[in-house]
Amino acid sequence: MTSDKSKLGFYLLLAPLLLWLVVLIILPHIGLFFVSISEKVGVREYETGLGNYAVFFNEPLYWRTFARTAIMSISTTALTLILGFPIAYYIAKMTRGRTKTTLFLMCLIPFWVSELVRTFGWMILLRETGIISNALQSIGLISGPVEFLYNDAAIMVGLVYTSILFMIVPLVTTLDSLDDSMIEAGYDLGGNGVSILREIIIPHAMPGIVSGCIVVFMLSLGNYLTPILLGGKDSLWFTGLIYTQFITRFNWELGSAFGFLLLALSSGIVFLGLKLSRQTLTETMGR
Amino acid sequence: MGMKTGLFTTTLLVTAMSVTAAQADTLRLLTWGGYAPDDVIEMFEAETGHTVEVTTSNNEEMIAKLRATNGGGFDLAQPSQDRITSAQEEFGIYKPIDMSRVDAAQFIPSMLEATAGNTTFEGEVYGLPHVWGTSGLVVNTAQAGDVTDYTDLCDESVAGRVSYRLKRPTLIGFAYSMGLDPFAAYDDTEEYTAILDQVEAALIECKANVKTYWDGGDEIKNLLRSGEVVAAMAWDTGGWQLNADDADITFVAPEAGALGWIDTFVLPARGRADDAAYDWINFVMRPEIASMITNTAGNFTAAVDGAVDVSADLKARYEGSFDQAAIDNIKWYPPVPAGLEALEGAALDRINAAN
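Quick note, the sequences are listed as chains Y and X, same order. Residues 497 to 783 in the numbering used here are what the first sequence spells out, letter by letter. Residues 707 to 1061 in the numbering used here are what the second sequence spells out, letter by letter.
Now the structure itself:
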């Protein structure tokens, strides 16, 4: 009787998660998959086939755009890690109590406004008649207005800014759990800053680094707003291609195929990253 | 088990509630920004008792939204007249207009007739004209007075100070400016492809001149207002709005002809408030209401005497941009045949990717 009741409780607790997964993720993907394998042959005439996937591999523009998007997302991830690690270390190890909360809150504050507003903020800063260009002119560093917007560097700045919080949070959590006495012991045994970082801190923080990297990589790869608004006339982004296929070309079939390729290829890259860093998904997510 | 039934009934209840809420007198209007001003909605609701829910969008998104629901979710939509028959042929998202329920005397006869002709599919009329306007050039005349045609955007004197959209109007404008006739080639895939190839080459060559390809109306207005861009391809209203702030900037009808569009009224196939939709159509085509819409949207309507209460400033700007010859030279978009977007899309992709 009790086991029956606890079983019911278990299923009831599981129900929201299952509903979420099935109704919002699995079912739409099944639908999307069927759309992606139907090729348009005429008005309201479709055939089943893998032609849409072939388009991706046969048209250099598409796979080059994907490669570009992936490489820029990986760079963004690396840059976010390099910038986020010292911040996370400072918050986790060098501060206590109130200061810690304040610093953490300061990282959070930009996320109280929407991504669109944040991106427009960057546009106001970076544009030719914007704040940075004007400030540099007024202190005499440059003689005429300079355009900082509409290039790949602007996209990177925007992406790093958008995703740095998702790197800092898991890093702070894992670094918090590192006992200070371990670092002290390292110094007692004759280690210096670099060797302690390499031998003690990074190995301990690895699950945090990996989960932070996965989240940042996925967020950058799937970002639509930042690359479209900050990027220039050559700055193609894969999600932008998917949007174009669905909305302006009315080509849902190709758009769905692109969606699946994005899913498969990004999962592949994450898998590769886990293998290279010798981490497993269970270990990373389990902590 | 009790909880489960509870959940089930709640779900039913919520579904039932949302169904009733959407029924009866609620007009779900899918339109462009400015076409349903708040004061017009208030007057309409006070007079008819219907309520109006407005969703603003653009041509492509309207079709995509209606396609996703097979023509449901909205009771009245306002795509441009050239995008109706192909969408109807491919997706069947509209239902025919019942002319007996429309007060045809309120429409300018020539526009009503032209729109009916362009939106007829399998013998049924699907569209009524509402707001019309053009796209052409918005130029800072003090700094780029020489720009009088689409191809002038590629001139060295305005290098790096130019912007246009990477969309089909750009292809068509450039084609006309290059002495080609894309509309005449609409139904001839081979000829149209040949035209697209020439335009593609020109636009790839022109790419170095472009500061950025703009996406939204506010973006291009900011670029022109700040002086970062001195000449652009854009809508007439954008130019006239900027003219109000800065007398140097205005809309210029290009020598090759401005591109004319007419936004229409169409009934989505699964719309549920046809009564309210026809009431809205007949209401907004009244001269004084049409004037109110022109004053907010910036474009003129197909209503008889629709310019009666339009502000003198707007009329003056319109007359400054269009003399009679420029009006006669407007190239009105004919219906886009199904499948044309795919050809244009491929050309646009190649332009975007070219270095």
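All C-beta atoms, glycine included, are put in the ideal place defined by N, C-alpha and C.
Contact with chain X by residue i, beta-carbon distance below 8 Å
i: Arg-745/Y; result: yes
i: Gly-751/Y; result: no
i: Lys-596/Y; result: no
i: Ile-696/Y; result: no
i: Arg-623/Y; result: yes
i: Val-793/Y; result: With chain Y covering 497 to 783 only, the question about residue 793/Y has no answer from this structure.
i: Leu-742/Y; result: Looking at the sequence shown, residue 742/Y is not Leu but Phe. Closer than 8 Å to some Cβ of chain X, the Cβ of Phe-742/Y qualifies, so yes.
i: Ser-646/Y; result: In the sequence on display, residue 646/Y carries Tyr and not Ser. Chain X contact via Cβ: present.
i: Gly-728/Y; result: yes
i: Leu-758/Y; result: no
i: Leu-557/Y; result: yes
i: Ile-638/Y; result: no
i: Ile-765/Y; result: no
i: Ile-567/Y; result: no
i: Ile-526/Y; result: no
i: Leu-732/Y; result: yes
i: Ile-724/Y; result: yes
Spatial neighbours of residue i in its chain, beta-carbon cut-off 8 Å, leaving aside the 5 residues before and after
i: Ile-692/Y; result: Ile-679, Gly-682, Tyr-683
i: Ala-848/X; result: Asp-954
i: Val-706/Y; result: Gly-769, Leu-770, Ser-773, Gln-775, Thr-780
i: Ser-786/X; result: Asn-765, Trp-967, Ile-968, Asp-969, Thr-970, Tyr-1039
Enclosing beta strand (DSSP E) for residue i [first to last residue]
i: Glu-535/Y; result: 534-538
i: Asp-969/X; result: 965-971
i: Val-760/X; result: 757-762
i: Met-568/Y; result: Met-568/Y -> not in any beta strand (DSSP E); alpha helix (DSSP H) instead, spanning 556-585.
i: Trp-941/X; result: 937-941
i: Arg-931/X; result: Premise fails: Arg-931/X lies in the alpha helix (DSSP H), 923-931, not in any beta strand (DSSP E).
i: Thr-737/X; result: 732-737
i: Lys-809/Y; result: Not covered by the structure: residue 809/Y. The range shown for chain Y is 497 to 783.
i: Phe-957/X; result: 955-958
Cutoff 7 Å; reference residue i; Cβ partners in own chain excluding five residues on either side
i: Ile-926/X; result: Ser-869, Trp-920, Ala-938, Ala-940, Gly-944
i: Gly-839/X; result: Trp-941, Asp-942, Thr-943, Trp-967, Asn-1005
i: Ala-1060/X; result: Ile-910, Lys-913
i: Leu-621/Y; result: Ile-627, Ile-628
Same chain, Cβ closer than 6 Å to residue i, five either side skipped, listed in chain order
i: Ser-762/Y; result: Leu-717
i: Glu-624/Y; result: Pro-641, Glu-643
i: Gly-778/X; result: Arg-976
i: Pro-1041/X; result: Asp-788, Thr-791, Asn-824
i: Ala-964/X; result: Thr-840, Gly-842, Ile-1036
i: Ala-1053/X; result: Leu-902, Glu-906
i: Gly-739/X; result: Thr-762
i: Asp-672/Y; result: Ala-588
Within-8 Å CB hit, residue i to chain Y
i: Tyr-919/X; result: yes
i: Glu-1047/X; result: yes
i: Ala-1044/X; result: yes
i: Ser-932/X; result: yes
i: Asn-915/X; result: no
i: Asn-1001/X; result: no
i: Asn-1061/X; result: yes
i: Glu-906/X; result: no
i: Ile-769/X; result: yes
i: Gly-1051/X; result: yes
i: Glu-796/X; result: yes
i: Asp-1055/X; result: yes
i: Glu-766/X; result: yes
Unbroken alpha helix (DSSP H) run spanning residue i, endpoints
i: Thr-615/Y; result: 611-622
i: Phe-742/Y; result: 734-743
i: Lys-771/Y; result: 748-772
i: Phe-713/Y; result: 698-717
i: Tyr-898/X; result: 895-912
i: Val-690/Y; result: 689-692
i: Glu-767/X; result: 765-774
beta-carbon residue i near the ligand ZN non-hydrogen atom, thresh 7 Å
i: Asp-1019/X; result: Of ligands this structure carries none, so the ligand ZN is not represented either.
### Task
Please determine if the stretch 969-976 of chain X and the stretch 862-869 of chain X are in contact, where contact requires at least 3 C-beta pairs separated by less than 8 Å.
Verdict: no, contact absent.
### Task
For the stretch 797-878 of chain X, list the alpha helix (DSSP H) runs that are entirely contained and at least 4 residues long, ordered along the chain.
Counting only runs that start and end inside the stretch 797-878 of chain X, the alpha helix (DSSP H) elements of at least 4 residues fall at 815-824, 847-850.
### Query
Does the stretch 988-998 of chain X come close enough to the stretch 808-820 of chain X that 3 or more CB-CB pairs lie under 8 Å?
Taking 8 Å as the limit for Cβ pairs, the verdict is that the stretch 988-998 of chain X does touch the stretch 808-820 of chain X.
### Query
When the Cβ atoms of the stretch 655-673 of chain Y are set against those of the stretch 569-582 of chain Y, are three or more pairs found closer than 8 Å?
yes
### Query
Does the stretch 734-744 of chain Y touch the stretch 622-637 of chain Y, meaning 3 or more C-beta pairs lie closer than 8 Å?
no
### Message
If we require 4 or more residues per run, which alpha helix (DSSP H) segments fall completely within the stretch 605-687 of chain Y?
### Response
Entirely contained in the stretch 605-687 of chain Y, the alpha helix (DSSP H) runs reaching 4 residues are, in chain order, 611-622, 627-634, 648-672, 676-684.
#### Entry: Continuous beta strand (DSSP E) assignments of at least 3 residues falling wholly in the stretch 991-1053 of chain X
The beta strand (DSSP E) runs of length 3 or more contained entirely in the stretch 991-1053 of chain X do not exist; there are none.
### Message
Count Cβ pairs between the stretch 546-555 of chain Y and the stretch 517-535 of chain Y that sit closer than 8 Å; are there 3 or more?
### Response
As far as the Cβ criterion goes, the stretch 546-555 of chain Y touches the stretch 517-535 of chain Y, which means the pair count is three or higher.
### Query
Do three or more CB pairs link the stretch 973-988 of chain X to the stretch 875-883 of chain X at distances below 8 Å?
no
### Task
Determine contact between the stretch 765-782 of chain X and the stretch 744-752 of chain X, defined as no fewer than three beta-carbon pairs at a distance below 8 Å.
no
#### Entry: Cβ contact check for the stretch 606-621 of chain Y and the stretch 713-729 of chain Y: 3 or more pairs under 8 Å
Yes, they touch.
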